[in-house]
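Engineer: Residue numbers (my numbering): 1087 to 1681. C-beta: ideal position from N, C-alpha, C; glycine also. Bear in mind the structure is a predicted one, so any value in this text is a computation, not a measurement. Structure in C-alpha cells, see below.
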Amino acid sequence: MIVQIISSKAIEAVQNLFGVSVPASQLAVQRTIPSFRNQGDFSLVVFPLLKVSRKSPEETARLLGEELLRLMPEAESFGVVKGYLNVRIVKGFWEGFVKDNHSTHFFGVDNQPSGKPVVVEYSSPNTNKPLHLGHVRNNLLGYSVSQILKASGKNVAKVNLVNDRGIHICKSMLAWKLSGLNETPQSSGKKGDKLVGDYYVLFDKMCKTELKELIDSGKTEDEATAASKLMAQAREMLLKWEARDPETLQLWSMMNEWVYAGFDVTYKRLGVDFDKIYHESQTYLFGKEIVEEGLKSGILFRKDDSSVWIDLTAEGLDEKLLLRSDGTSVYMTQDLGTAQLRANDFDPESLIYVVGNEQNYHFEVLKLILQKLGRPWADHIYHLSYGMVELPEGKMKSREGTVVDADDLMDEMIATARAMTEELGKIEDFDSDEAQELYRIVGLGALKYFILKVDPRKNMLFNPADSIDFNGNTGPFIQYTYARIKSVLRKAEAEDIRFEHFEVNELHSKESDLIISLYEFPSTVKQAAADYSPAIMASYLYDLARDYNTFYHELSILKEENESKKALRLAISSLTATVIKNGMQLLGIEVPERM
RNA sequence: GGUCCGGUAGCUCAGUUGGAUAGAGCAGCAGCCUUCUAAGCUGCGGGUCAGGCGUUCGAGUCGCCUCCGGAUCACCA
C-alpha cells in the first residue's frame, strides 16, 4: 500500500535527517484534500516532527520532501503548504496498478479464506409472525457483514437461530384451533407465515375481548389477566408441548412448517441464506450443564428458593438469574448453551451476533459469564448491535398496525422501480422477463442501499418517500453508473477496441482521482470488515460512482483521439465497473448490465 | 436513579488511529442533452458540529460536567 510506503520511507528520512527514530503513529499520511491536489496525491503532516527537526514547519516539510524523493522511487515531486508535505506519486505507479488489475474479475475480494471460521448469527425470527422492516435491517446487515468478512479473507459460517417454541407460538396454535376453520395455506392461498401471524393477532383480539368482559364485571386488570381462560389454555398448551403431547406436537410442527415455507420465500427474495439453522425447540434445554459447572466452580450460587444466579455487582452490573426456582431455564441459560454448541460445532475464531441494541445488556452479561467460566472463545464474542428502524410517525407497533411488512415493502420498491423505469422509457427493447428482472434488481437495490448506508449502531429513520427516491446517494444511482460503464464497454467491444496497451505520461485530475479511489478498494474492504460496517462500503461506492460520473462527463472515452489515452480511460472504466459490481455484491446488491 | 448508545445544514446522513477551508444527498433556486445512457453533470444559498470547561502546535473526533433523545436494568425472549 502506497500509504504504508510513504509512512515507512518518511521514518527513514527522519532518521537520516535528524538522527531520530520516530514511531509510525507520529506520521499521519492521508489523501491530499482536493484544494491542494495540484501539488500532490498524498499528504504528510509534519507538526509532530518539529520537536526533532527544531526547524519551522515549512523547512521541515521541505527537507523531508527532498529526502523522500531520494529514498522513494514512487515519489515524483512534492509541494509544501504550511505544515503539510504533499507528495505526488509517479505516473508509472498508477499505470502499473491499472494494467495489473483492469481485467481482474475479483479485484479486491479475492483474499483466500484462512483460519477458523467466524460464525455470524443473524435473522433469528420468531415463528409466530411474518418478517417486518426491523428484520429486514437485521437480515441485510447479517448477510452483508458475512460477505464482507469473506472478501477480507475469513471463513464465514452464517447461522440462524429460529425461535420456534414458547408461549407466543402456543397463542397462534390455540387461536387456530379455536377458530375451527382448519384454514391452511393451500385452502386460503395465504403465505404460511402470514396465516400464522393472523392467528396470533386473532388471539390477541380474543384475549382483549375476554379481558374487557372480566374488567367490566368488576375485576381489576391484574385480576382479569390472572382469570383469563385463554391465557390459561395457552399456558396449558405449552406444558403439553413440553410434555411432548403428540397432538400438540403435530399441530405445532404443521404450523411451523407453514411459517418456514413463508420465510423461505422472503429470504430468497431478500437474497439471504444460511449455512446452518438452529431451532430453539432443540436447544432450549441446553445450558443447564454449564450452570451445573458454574455452581461447582463457585462462579454461580444458589439462593434459598433454589434459583441460580451470578453476581456481577463487582463488574458494575446486577445479579442475573440463570435458573428459575422451579429449575427451568431462562433466555440466558439457553444462550449459554447455544454458544457452547456453536463453539463445539465450528471451533470458531469468533462469534458474531447480529441482534438489536435493546439486547446490549444481555450480550454484555453473556460474554462475561462465559469468560468467567473460562471459555477462551468468549473473548471473541462480538455483539453487532444495531439501532431500531423508526417510521416518520414513530416506532413500529404491531398493535397499532404500523408495522411495515417485509414482503409488502419489497413489492412496493419493485413497483416503484417499474414506474420510474417506464417513465424514463429507456428499455423499450427489453422483453417482459428482462424488464421484470430489472425492476427487481433496481427496487431491491434501492431498499438495501437505503438501509445499509447508515451506520449499523445508529437508529435510523425509514421514510418511505425518501426510500423510493432513486437519485443522489441511492442504490440505483450506483447501479446506473455501472450500467453506463457497461454500455461504453459494449461499444468498445463492438468496435474491437482493446485497451491492454497504454502509457501514462500525464493524468487528468479526474483520471487520477478515480484511479486512486479504485486503488483504495481493497483496503476499504478490510476496513469495513474490521468495523463490521456495510455503511463504510456503501459510502465508498457512492463516492466512487460520483467520481466516475464527473470523469465521464468531463472527458470523452471512445471519442478520445489519442489511442493511449483512450485505452487508459477504457481500462479505468472497466476497473470501476468491476469494483462497483464486487462492492455492491458485498452489500448483497445486484447490478444490471443495462438500465 | 444506575449503566450503555446517540445529538453535525430545514430533512436524511458521511466525516478511518486528533490534522489543511466540516462534506454529500434530498428539498429550494439557476444552468447543461445535434457529443460514449440526463436514474447524470455544473453552480448558488444554507452550520455556535447540543452547551460549557479542559488536554494539545492543532478538537466534530480525546477527558470531565450539564442539557436533550433512545435503549436497558424481569423467575419475558
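Which residue comes first and which comes last in the beta strand (DSSP E) that contains Asp1196?
Structural biologist: Careful: Asp1196 lies outside any beta strand (DSSP E) and carries neither H nor E.
Engineer: Grab the span of the beta strand (DSSP E) containing Lys1244 for me, first residue to last.
Structural biologist: Element bounds for Lys1244: Lys1240 to Val1248.
Engineer: Using only CA atoms, which one of Val1108, Tyr1370 and Arg1410 lies nearest to Val1132?
Structural biologist: For the residues Val1108, Tyr1370 and Arg1410, the minimum Cα distance to Val1132 belongs to Val1108.
Engineer: Who are the Cβ neighbours of Arg1504 in its own chain at under 6 Å, not counting the five residues just before and after it?
Structural biologist: The residues are Tyr1525.
Engineer: Evaluate Thr1146 with the Cβ neighbour count: other Cβ atoms within 10 Å of its Cβ, from every protein chain shown; 16 or more gives buried, anything less gives exposed.
Structural biologist: That one is buried.
Engineer: Pairing CB atoms from the region 1439–1459 with CB atoms from the region 1470–1482, are three or more of them under 8 Å?
Structural biologist: Verdict: yes, contact present.
Engineer: Can you name the start and end residues of the alpha helix (DSSP H) that Glu1479 belongs to?
Structural biologist: Taken as a continuous stretch (DSSP letters only), Glu1479 belongs to no alpha helix (DSSP H), as it is neither H nor E.
Engineer: Just to confirm, are Ile1500 and Gly1531 a CB contact at a threshold of 8 Å?
Structural biologist: Contact flag unset, no.
Engineer: Mind checking whether the beta-carbon of Ile1091 lies closer than 7 Å to any heavy atom of the ligand SAH?
Structural biologist: The model on display carries no ligand, and the ligand SAH is accordingly not part of it.
Engineer: How far does the beta strand (DSSP E) with Glu1405 in it reach, from first residue to last?
Structural biologist: Glu1405 to Leu1409 is the extent of the beta strand (DSSP E) around Glu1405.
Engineer: Roughly how many angstroms lie between the CA atoms of Asp1412 and Val1394, to the nearest whole one?
Structural biologist: Straight-line Cα distance between these residues: approximately 10 Å.
Engineer: Go ahead and pull the three-state DSSP assignment for Lys1572.
Structural biologist: Correct three-state label for Lys1572: helix.
Engineer: Taking the Cβ atom as the reference point for each residue, do Leu1037 and Lys1263 lie within a distance shorter than 8 Å?
Structural biologist: With the chain covering only 1087 through 1681, there is no way to say anything about residue 1037.
Engineer: Applying the 10 Å Cβ sphere with the 16-neighbour rule, what's the burial state of Tyr1364?
Structural biologist: Tyr1364 is buried by the Cβ-count criterion.
Engineer: Buried or exposed: which applies to Met1670, given that a residue is buried once 16 or more other Cβ atoms fall within 10 Å of its Cβ?
Structural biologist: Classification of Met1670: buried, given that the 10 Å Cβ count is 16 or more.
Engineer: Applying the 10 Å Cβ sphere with the 16-neighbour rule, what's the burial state of Thr1419?
Structural biologist: Counting Cβ neighbours within 10 Å, Thr1419 comes out buried, since at least 16 surround it.
Engineer: Within the chosen definition, does the region 1234–1253 reach the region 1190–1206 through at least 3 CB pairs nearer than 8 Å?
Structural biologist: Result yes; three or more Cβ-Cβ pairs closer than 8 Å.
Engineer: Tell me the DSSP bridge mates of Tyr1170?
Structural biologist: Val1131 and Val1167, per the DSSP bridge assignment.
Engineer: By how many angstroms is the C-alpha of Val1231 removed from the C-alpha of Val1195?
Structural biologist: The straight-line gap from Cα to Cα measures roughly 13 Å.
Engineer: Which of the three DSSP states is assigned to Arg1388 in this structure?
Structural biologist: Arg1388: strand per DSSP, three-state reduction.
Engineer: Just verifying my parser: in three-state terms, what is the DSSP assignment at Asn1212?
Structural biologist: Asn1212 falls in the strand class under three-state DSSP.
Engineer: Identify, in the order they occur along the chain, each residue of the same chain with its Cβ nearer than 8 Å to the Cβ of Ala1096, setting aside the five sequence neighbours on each side.
Structural biologist: Correct list, in chain order: Leu1113, Val1115, Leu1130, Leu1150 and Leu1154.
Engineer: Is it the case that the Cβ atoms of Asn1342 and Asp1250 are separated by a distance below 8 Å?
Structural biologist: Cβ distance < 8 Å, so Asn1342 and Asp1250 count as in contact.
Engineer: How is His1254 classed by DSSP in three states: helix, strand or coil?
Structural biologist: It is helical.
Engineer: In chain order, what residues of the same chain lie with their CB nearer than 7 Å to the CB of Gly1373, ignoring the 5 residues before and after it?
Structural biologist: Correct list, in chain order: Ser1415, Thr1419, Gln1420, Leu1422 and Gly1423.
Engineer: Can you tell which of Ala1614, Glu1586 and Tyr1605 has its C-alpha closest to the C-alpha of Ser1650?
Structural biologist: Ranking the options by Cα distance to Ser1650, first place goes to Glu1586.
Engineer: How should Phe1179 be labelled, buried or exposed, when 16 other C-beta atoms within 10 angstroms of its C-beta is the threshold for buried?
Structural biologist: When all chains shown are included, Phe1179 counts as buried.
Engineer: Please classify Ile1253 as buried or exposed, where buried requires at least 16 other C-beta atoms within 10 Å of its C-beta.
Structural biologist: Exposed: under 16 other Cβ atoms inside 10 Å.
Engineer: What are the uninterrupted segments assigned as alpha helix (DSSP H) that are 4 or more residues long and contained completely in the region 1619–1668, given in chain order?
Structural biologist: Runs of the alpha helix (DSSP H) inside the region 1619–1668: 1620–1640.
Engineer: If you count every other CB in all the chains shown that lies within 10 Å of the CB of Val1358, and 16 or more means buried, which is it?
Structural biologist: Answer is buried; the Cβ neighbour count reaches 16.
Engineer: Closest to Leu1219 by C-alpha separation, out of Leu1547, Asp1465, Ala1347 and Arg1461, would be which residue?
Structural biologist: Minimum Cα distance to Leu1219 is reached at Leu1547.
Engineer: Look at the alpha carbon of Leu1407 and the alpha carbon of Val1377, and state the distance between them as a whole number of angstroms.
Structural biologist: Spanning the two alpha carbons is a distance of roughly 11 Å.
Engineer: Rounding to the nearest angstrom, what Cα-Cα distance links Leu1171 and Val1138 in this structure?
Structural biologist: Roughly 16 Å separates the two Cα atoms.
Engineer: Span of the beta strand (DSSP E) holding Lys1362?
Structural biologist: First-last of the beta strand (DSSP E) with Lys1362: Lys1362 to His1365.
Engineer: Within 8 Å, do at least three Cβ pairs link the region 1265–1275 to the region 1380–1389?
Structural biologist: Because the criterion of three Cβ pairs below 8 Å is not met, the region 1380–1389 and the region 1265–1275 do not touch.
Engineer: Among the residues of its own chain, which have a CB less than 8 Å from the CB of Leu1533, if the five just before and after it don't count?
Structural biologist: Excluding positions up to five away in sequence, the list reads Val1222, Leu1495, Met1496, Met1499, Ser1553 and Gly1561.
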